[in-house]
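> Please read through the structure below; I'll follow up with questions.
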Amino acid sequence: MTYAMRGAENPTIQRGELVARRAGRPRVLAQISGGRRSWLEPREEILDIAAGLFVDRGFAATSTRDIAEAVGIRQASIYYHFPSGKEEILGELLQRSIRPTLDRIEKIEILGAETGAGTEVLLYLLVVLDVRTLAAAPRNAGVLSRLPEVQRREVFGPFGSARKELQAAYARLGGQVAASRPSTALIPEGNLLGMLLLQLVEVVIGMRSDGHRISQIIEGVVAASCLRVCLADQERIDEAASRAADLIGVFE
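If you want the working numbering, it's the position in the sequence shown, counting the first as 1, plus 1.
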């Protein structure tokens, strides 16, 4: 897998062309991503490029100088946006692969109470939102949490705690779905169920690594698979998918 990198700016750019940037000053740059023109603030561009370098080369093998050169800015500008350097960048990338989902769990459960949506619907919603979090992570940053060198870093601690919290939510909702089925003996108990559901969702990381686009069809397949693990039948899965489609707009 390759990652597009921008070279240093040409200091001889003439008037009327793009003015050479100064270290540390905010700017907005046009980027080409997935065939669409998008606009990234400097901090976002640093995160995007750094994610690609970390995934491609490894965290230890990537320096702040490497990141600065790839973005096309001075090394001092990295510290303007991330005072703690690449450790801080890594910590934020890890959080972006999980925090958006965690921040929605309470809202999902409140929505269930307000609308009367069953636990199948809530689990389906959680899976779809989690898949979208992983699909939106810069340069497939979810890969970083699997690297032993990253797992040994201090910044991995908050991510590990967040992942346990998400696993507990999967265990809670999955357990509620399974409790309504007659063959609950086939269901792993407690944290094991949460772990299984979470790992099913994280298959998206591997799919992105293989170059697959995470479409709504993939979201539905992963969500349905999680419900099947909890012994939901096809009729309940179809109902959950339909109801979740009506509710997903609340989170967008």
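Glycine residues also receive a C-beta, built at the ideal position from the N, C-alpha and C atoms.
Need the endpoints of the alpha helix (DSSP H) that Arg-97 sits in, please.
In the sequence shown, residue 97 corresponds to position 96, counting from 1. 87 to 97 is the span of the alpha helix (DSSP H), which, as asked, contains Arg-97.
> Report the residue from Ser-226, Val-72 and Leu-198 whose alpha carbon sits nearest the alpha carbon of Glu-42.
Within the sequence shown, the letter at position 41 stands for residue 42. Here the closest residue by C-alpha is Val-72.
> Can you tell me which of Leu-198, Arg-97, Ile-90 and Asp-67 puts its alpha carbon nearest to the alpha carbon of Glu-155?
One-based indexing of the sequence shown puts residue 155 at position 154. The candidate whose alpha carbon is nearest that of Glu-155 is Ile-90.
> Pull up the CB-CB distance for Leu-126 and Leu-232, whole angstroms please, since I reckon it's below 8 angstroms.
In the sequence shown, counting from the first residue as 1, residue 126 sits at position 125. In the sequence shown, counting from the first residue as 1, residue 232 sits at position 231. Taking the Cβ atoms as the reference, Leu-126 lies roughly 19 angstroms from Leu-232, outside the contact range of under 8 angstroms.
> My assumption, with CB atoms under 8 angstroms, is that Ala-225 sits in contact with Gly-195. Please give the rounded CB distance.
By 1-based counting over the sequence shown, the position of residue 225 is 224. By 1-based counting over the sequence shown, the position of residue 195 is 194. The pair is not a contact, with the Cβ atoms about 18 angstroms apart (cut-off 8 angstroms).
> Can you look up Leu-41 in the DSSP assignment and give me helix, strand or coil?
The residue given as residue 41 occupies position 40 in the sequence shown. It is a strand residue.
> Given this structure, state the Cα-to-Cα distance separating Ile-215 from Ile-79, to the nearest angstrom.
For the purposes of this step, residue 215 is taken as residue 214 along the sequence shown, with counting starting at 1. For the purposes of this step, residue 79 is taken as residue 78 along the sequence shown, with counting starting at 1. Those two C-alpha atoms are separated by around 31 angstroms.
> Can you give me the start and stop residues for the alpha helix (DSSP H) that Arg-173 sits inside?
In the sequence shown, the residue the question calls residue 173 occupies position 172. It spans 157 to 180 - the alpha helix (DSSP H) in which Arg-173 sits, taken as one unbroken run.
> At the level of alpha carbons, what is the spacing between Leu-193 and Glu-203?
To locate residue 193, count along the sequence shown from 1; it is residue 192. To locate residue 203, count along the sequence shown from 1; it is residue 202. Across the structure, Leu-193 and Glu-203 are spaced so that their CA atoms are roughly 15 angstroms apart.
> Flag this pair as yes or no: are the beta carbons of Leu-95 and Leu-167 separated by less than 8 angstroms?
For the purposes of this step, residue 95 is taken as the residue at position 94 of the sequence shown. For the purposes of this step, residue 167 is taken as the residue at position 166 of the sequence shown. The answer is no: Cβ separation not under 8 angstroms.
> Measure the alpha-carbon distance for Ser-98 versus Gly-53 and round it to whole angstroms.
Sequence index remark: in the sequence shown, residue 98 carries index 97 (1-based). Sequence index remark: in the sequence shown, residue 53 carries index 52 (1-based). So the two alpha carbons sit approximately 14 angstroms from each other.
> Quick one: what's got a C-beta closer than 8 angstroms to Ala-246's C-beta in the same chain, skipping five residues either side?
For the purposes of this step, residue 246 is taken as the residue at position 245 of the sequence shown. So no residue of the chain qualifies.
> Can you tell me whether Phe-55 is helix, strand or coil according to DSSP?
Translated into the one-based positions of the sequence shown, residue 55 becomes position 54. Phe-55: helix per DSSP, three-state reduction.
> Are the stretch 169 to 179 and the stretch 111 to 124 touching by the rule of at least three beta carbon pairs closer than 8 angstroms?
Contact between the stretch 169 to 179 and the stretch 111 to 124 is present: three or more C-beta pairs spanning the two stretches fall below 8 angstroms.
> Measuring CA to CA, which of Ile-206, Glu-253 and Glu-240 is closest to Ala-119?
By 1-based counting over the sequence shown, the position of residue 119 is 118. Per the sequence shown, residue 119 should be read as Gly rather than Ala. The residue with the shortest Cα to Cα distance from Gly-119 is Glu-240.
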